[in-house]
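Chains as they are written, first to last, in our numbering: chain A, 1 to 668; chain B, 1 to 190; chain C, 1 to 196.
Just below is one structure, and these are the notes that go with it.
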Amino acid sequence: MIPALGRTLILLALLAASGGALVGFATGARPTAVGWLWARRLAYAFAALMALANLVMEYALLTHDFSVSYVAHVGSRSVPTWVSMVSLWSSLEGSILFWGLVMGVYVAVATWQNRDKHPEYMPYAVGVWLLCGAFFSFLLAGPAQPFSTVPSPPLDGPGPNALLQNHYLMVIHPPFLYSGYVGMTIPFGLACAALLVGRLGHDFIRPLRNFLLLPWIFLTVAIVLGGWWAYEVLGWGGYWAWDPVENASFLPWLTATAALHSALLVERKGVLKGWTVTLVIGTWLLTILGTFMTRSGVFNSVHSFTQSAIGPTILVFLAAALILSVVLLTLRVDSLAPEGTLETGPSRDAVFLVQNLLFVLFTFTVLLGTVFPLVVEAARGVQMSVGRPYFDKMSVPIGVALLFVMGVGPALPWGRATSQQVRSALLPPLLTAAAFAVLGFLLDVRNAWTMLALFFGGFTAHVTVSEFLLPVRQRMRSHGEGFLEAFGQAQRRGQRRFGAYVVHAGALLAIVAIGVSSTMGTSKEIQLRAGESTALGAYTLTFVTAERVSEPHRESIRARMDVSKNGRPLGSLYPRMNQYESQREPIGTPAVRTSLTEDLYLSIHNIDPDSGTVGLLVLVNPMVGWIWIATAIMALGGLVALVPSWRGARVAVTETAPVAGASPEGSH
Amino acid sequence: MATAPIPGAAPARTSRMNPWVLAGGLAVVVPLLAVLVLNLGRDPRSVRSPLIGRAAPAFSLAPVGGGAPISLESLRGRPAIINFWATWCVPCFEEHAALTAAARTFREVHFLGIVYEDEEATTQAFLAQRGSSYSSLLDPEGRTAIAYGVFGVPETFFIDGAGRIVEKYVGPLDRGTIAALIARAKGGAP
Amino acid sequence: MNRVALALVLVAAPSLAAAQASRATAGGIEAPRSHPLSGAELDARTSDIGALLRCPVCQGLSVADSPSSMARNMKAEVREKLAAGYDQEQILASFERSYGEFVRLDPPMRGVNWLVWLAPLAGLAAGGAAVAWALKRSSRNAGAAEATGPASAASDLPSRDTLPADPRLAAAVRRSRELAYGWPGGIPPKPRSSAS
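Okay, here's the thing in structure tokens:
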């Protein structure tokens with residue numbers, strides 16, 4: 001019964017999406033109130049049907065209904081309940097079903113929020129969204145059908161991939177990732193609508209920007225959660241290996257960040273409309289490319305699902321999407337005429353362009369490196385690898401350059417600046433920069449790039465803090481308010497700006513922390529017998545004992561390591577080796593002790609409780625905890641910037657007075 | 001289409017093509033799609049061996065259960081089959097019978113097993129239980145496996161009389177394949 | 001491959017005067033080209049070279065990072081070779097002979113591989129030119145735009161797709177548009193097939 005119900009729901013969703021797409025495009029071309037009404041209704045119907053299909057699947061997973069093919073594939077009676085719930089998105093077909101859910105929610109919210117606004121654009125936007133929805137429904141109805149009936153249902157299933165049962169992070173990483181990834185469909189639809197209509201009105205940039213920012217926040221968190229998962233679970237001591245699937249999530253983030261900044265220029269000066277629309281479309285195309293990369297089995301990746309008919313189907317969709325996007329842009333981008341001009345001299349405008357260039361260059365480099373082994377295979381017939389050393393070499397200069405630009409940009413005024421203004425804007429932060437560099441030197445930083453990152457980090461930190469407090473100081477001066485009151489008032493009037501600087505602060509912290517943790521760590525590999533100790537840095541580790549632990553879904557052996565730092569005992573860490581029934585090789589779980597300055601990281605290579613020996617990898621990684629904190633700051637900043645726009649607060653854009661430090665109140 | 005000027009209205013839409021966007025777009029899209037399509041269906045994890053057609057790497061390893069080391073040099077003059085295997089590898093069980101039988105049939109071919117990441121005691125027990133018609137050698141630090149570019153087990157190398165690798169077969173062998181590949185090793189590329 | 005080795009040999013010829021640079025047995029053993037390492041330097045170089053080799057049985061991890069026994073064996077072999085005095089290129093080449101170019105995580109400079117190193121630099125140059133051109137074009141348009149008058153929404157009057165800032169006034173404007181045009185929100189979209 002359940003399989004048939006699920007299949008019916010998906011088929012209905014496909015019908016609703018296809019019908020809605022047709023109605024949407026027809027209404028866009030020949031607008032009627034009835035047409036718009038039905039486009040909306042079909043959009044809501046698609047969302048509701050997808051939600052129901054997901055609920056049905058959850059129900060089947062929780063009741064272990066093995067007559068449903070997907071449940072027979074990943075369900076198991078012996079796993080904890082949370083694992084059963086999370087199995088919805090743990091494997092190929094289920095994750096596409098989850099994709100449909102997230103898309104439905106986004107489409108419903110975006111449609112409802114704009115149900116009586118932007119009537120020229122919205123039917124087109126809904127048409128595009130539902131066209132994407134129709135494709136994913138088609139995938140679910142055909143190649144990736146999760147609700148096939150299993151003729152003779154087994155009594156129990158194999159359970160999801162063992163790696164996914166290892167850590168709670170698996171519960172939140174995919175939902176965040178999908179909320180980011182799938183969410184990019186919404187600004188894509190809005191951008192296509194602008195192209196189809198032939199203009200990008202001043203008021204329309206607002207929903208475009210909001211619906212770009214919201215998935216961006218999710219995607220930022222998701223990318224770092226993925227890194228955290230690799231760090232806490234995989235046991236090799238790092239958090240980013242430039243694996244194709246990691247790059248797949250990173251690429252759209254880069255272009256989305258570039259788009260957010262150029263959207264700012266559209267809003268302020270009415271320039272770069274075509275470029276922003278191109279970036280937004282590129283972001284969505286990268287999400288589809290990304291999903292192809294992870295699902296097609298074409299790329300050699302830690303995350304790859306097995307090959308199936310889904311790969312070619314997505315490739316056809318991707319090809320069609322790429323070609324149609326190029327055609328649409330070719331025919332319509334010129335109609336998005338600029339309404340203002342960019343400042344050519346040293347000014348924030350020019351720095352914005354440089355920043356966009358850096359982000360696009362970064363995207364291009366990472367994409368090239370990821371796809372290159374396939375290029376060489378096709379050209380030379382040789383299998384080769386493009387791995388971490390290449391990506392690290394390429395990304396470090398770009399990252400440091402971005403850090404610098406993040407400082408120079410906000411320091412300069414919007415309009416043309418005189419050389420006097422430039423000097424007074426850029427010199428004071430240089431002192432802070434030098435101070436940071438000296439501090440780094442005193443703390444034994446010798447790597448040139450890390451030094452440069454600290455130098456620019458200091459520069460950018462100075463600029464960010466002073467720009468952050470600038471409206472506060474102005475209010476204190478002009479209105480005579482105290483600091484807290486001025487802060488509250490300035491924040492309420494310029495919340496977007498505040499949010500943006502909070503994000504910048506988080507980003508600069510992340511870049512500096514990544515630089516320091518990558519170059520200042522120490523490591524040691526050692527074999528220990530019970531009772532033996534080893535030391536690394538200020539830490540002393542004693543291997544006490546190895547004990548066996550039994551859980552319903554796995555057998556583990558864990559080592560008790562007593563830790564002390566500078567002689568002071570800090571407790572025990574328990575790195576583990578887990579043996580799952582379905583895997584031949586055991587999977588290790590490292591033990592990590594995080595403090596504000598550094599992480600102590602223990603990972604087991606081999607362990608034998610009978611002979612009482614353990615082979616360990618010990619790492620001391622400085623400043624890793626700051627990366628996670630920095631990401632939380634970025635997400636918080638994004639939310640702060642997003643909230644006033646959702647509430648519909650309209651703050652008048654103060655006209656661009658080309659004087660440094662002029663009235664920064666108002667929207668950023 | 002445009003009538004009285006309304007504040008904020010855009011100028012009439014022009015339907016011209018932007019050749020730069022078209023060129024740039026196609027320059028990105030066409031190679032990308034070509035690369036993806038050409039690679040569809042290829043398994044990125046199966047890596048072709050660079051040793052095929054080249055001289056087999058030398059080794060000198062002790063057999064399971066003790067005895068004088070056996071070297072690659074000693075196999076020269078006759079075709080040889082070197083099979084990397086382990087007791088924990090399920091497909092290796094499957095091919096063990098086929099290989100044992102083939103070793104008895106093709107007496108003019110040297111058959112050798114090399115144990116991969118396993119323990120001597122376990123291997124000895126396995127061979128005692130399952131029987132064997134040829135020696136298996138121990139590779140304690142995996143150096144020979146590395147030299148032969150072994151990714152996993154079972155992997156089998158077919159070597160001709162001159163010591164050149166004719167073929168590397170990944171996965172469990174069956175009698176038909178063994179016979180066919182031995183024929184190639186005998187026919188032997190110069 | 002042999003060409004590269006030969007080129008390196010020619011370049012390093014003086015220091016090889018004492019060593020025999022002949023290819024000996026079927027194993028193709030060459031003489032070490034560098035000096036033997038030991039101690040902390042040996043550890044550091046082993047890690048460095050390990051980071052350039054791909055662990056064949058893992059997914060994209062380097063030999064330095066991977067805990068698998070194959071990776072540890074490979075790392076031990078790197079260490080042995082460094083202690084014997086082989087240099088980085090020789091060690092990487094020896095693994096490449098067994099596993100193919102696949103095992104090198106840093107693409108070596110041969111054939112079409114140059115593209116992966118040059119293309120980002122070319123992109124930077126091209127992008128820089130594009131930015132300069134965009135800024136120049138914008139300044140050229142500045143003159144033209146001033147002549148046609150302000151088209152941006154600097155005024156507070158409601159235009160086709162905006163409403164005034166005050167919420168009650170906005171609601172009133174919306175309602176009056178609805179009464180006038182019968183469209184939700186009150187503004188009908190521009191008709192496509194109209195005469196002028």
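The beta-carbon is built from N, C-alpha and C at its ideal position, and this holds for glycine as well.
query: Same chain, Cβ closer than 7 angstroms to Ser347 of chain A, neighbours up to 5 away in sequence not counted; result: Leu412, Pro413, Trp414, Gly415, Arg416 and Ala417
query: CB contact below 8 angstroms: Gly53 of chain B versus chain A; result: no
query: Alpha-carbon to alpha-carbon, Pro167 of chain C and Ile186 of chain A; result: 26 angstroms
query: Simplified DSSP assignment, three categories, for Trp85 of chain B; result: strand
query: Lys393 of chain A burial status per 10 Å Cβ neighbour count (16 or more: buried); result: exposed
query: Three-way DSSP call (helix, strand, coil) for Ala147 of chain C in this model; result: With a pLDDT of 49 at Ala147 of chain C, under the threshold of 50, the predicted position of this residue should be treated as unreliable, though the coordinate-derived value follows. The answer is helix: DSSP assigns Ala147 of chain C an H, G or I state.
query: Proximal chain B residues relative to Glu377 of chain A, where beta-carbon distance stays under 9 angstroms; result: Val35, Leu38, Asn39, Arg42 and Pro44
query: Buried versus exposed call for Asp599 of chain A [16 or more other C-beta atoms within 10 Å across all chains shown]; result: buried
query: Distance between beta carbons of Ala16 of chain A and Ala53 of chain A, contact taken as under 8 angstroms; result: With 8 angstroms as the limit, Ala53 of chain A and Ala16 of chain A do not qualify as a contact, their Cβ atoms being about 12 angstroms apart.
query: Cβ distance (whole Å) where Val544 of chain A is taken to contact Arg529 of chain A below 8 angstroms; result: That belief does not hold up - the Cβ atoms of Val544 of chain A and Arg529 of chain A are roughly 11 angstroms apart, past 8 angstroms.
query: Within-8 angstroms CB hit, Gly171 of chain B to chain A; result: no
query: Runs of beta strand (DSSP E) lying entirely within the segment 557-625 of chain A, each at least 3 residues, in chain order; result: 568-573, 576-580, 587-589, 591-594, 598-608 and 613-622
query: His210 of chain B - partner residues in DSSP beta bridges; result: An answer regarding residue 210 of chain B cannot be provided, because it is not within the stretch 1 to 190 covered by chain B.
query: Proximity below 8 angstroms, CB of Leu40 of chain B to CB of Pro397 of chain A; result: no
query: For Glu551 of chain A, the three-state DSSP class (helix, strand or coil); result: strand
query: As assigned by DSSP and simplified to three states, the class of Arg477 of chain A; result: helix
query: Length-filtered (4 minimum) alpha helix (DSSP H) runs lying within the segment 440-514 of chain A; result: 448-478 and 483-493
query: Span of the beta strand (DSSP E) around Val405 of chain A; result: Looking at the DSSP string, Val405 of chain A is not in any beta strand (DSSP E); the run it does join, the alpha helix (DSSP H), is Arg388 to Ala411.
query: Leu88 of chain A burial status per 10 Å Cβ neighbour count (16 or more: buried); result: buried
query: Any chain A beta carbon closer than 8 angstroms to Gln90 of chain C; result: no
query: Those residues which DSSP pairs with Glu155 of chain B across a bridge; result: B:Phe84 and B:Val170
query: Rounded distance between the beta-carbons of Gly499 of chain A and Gly637 of chain A, thought under 8 angstroms; result: 5 angstroms
query: Gln129 of chain B classed as buried or exposed, judged by whether at least 16 other C-beta atoms fall within 10 angstroms; result: exposed
query: Limits of the unbroken alpha helix (DSSP H) element including Leu315 of chain A; result: Ile310 to Arg332
query: The segment 135-143 of chain A touching the segment 4-20 of chain A, judged by at least three CB pairs closer than 8 angstroms; result: yes
query: Cβ-based neighbour list, Ser136 of chain B, same chain, cut-off 6 angstroms, excluding 5 preceding and 5 following; result: Val64, Gly113 and Val115
query: Helix, strand or coil at Ile205 of chain A according to DSSP, with G and I counted as helix; result: helix
query: Test: Val47 of chain B CB closer than 8 angstroms to a CB of chain A; result: yes
query: Contact set for Pro174 of chain A: own chain, Cβ-Cβ below 6 angstroms, skip 5 residues either direction; result: Trp89
query: Where the segment 107-141 of chain B meets chain C: residues whose CB sits under 7 angstroms from a CB there; result: Glu117 and Glu141
query: Per-residue contacts from Ala147 of chain B into chain C (C-beta, under 7 angstroms); result: Ser98
query: Assumed close pair Gly161 of chain B, Gly77 of chain B - CB separation to whole angstroms, cut-off 8 angstroms; result: 6 angstroms
query: Lys168 of chain B burial status per 10 Å Cβ neighbour count (16 or more: buried); result: buried
query: When A:Arg115, A:Ser262 and A:Ile288 are compared against Lys673 of chain A, the one with the closest alpha-carbon; result: Missing from the structure shown is residue 673 of chain A; chain A here goes from 1 to 668 and no further.
query: Whether Val170 of chain B touches Arg184 of chain B by CB criterion (8 angstroms); result: no
query: N-terminal and C-terminal residue of the beta strand (DSSP E) that Glu525 of chain A is part of; result: Thr522 to Arg529
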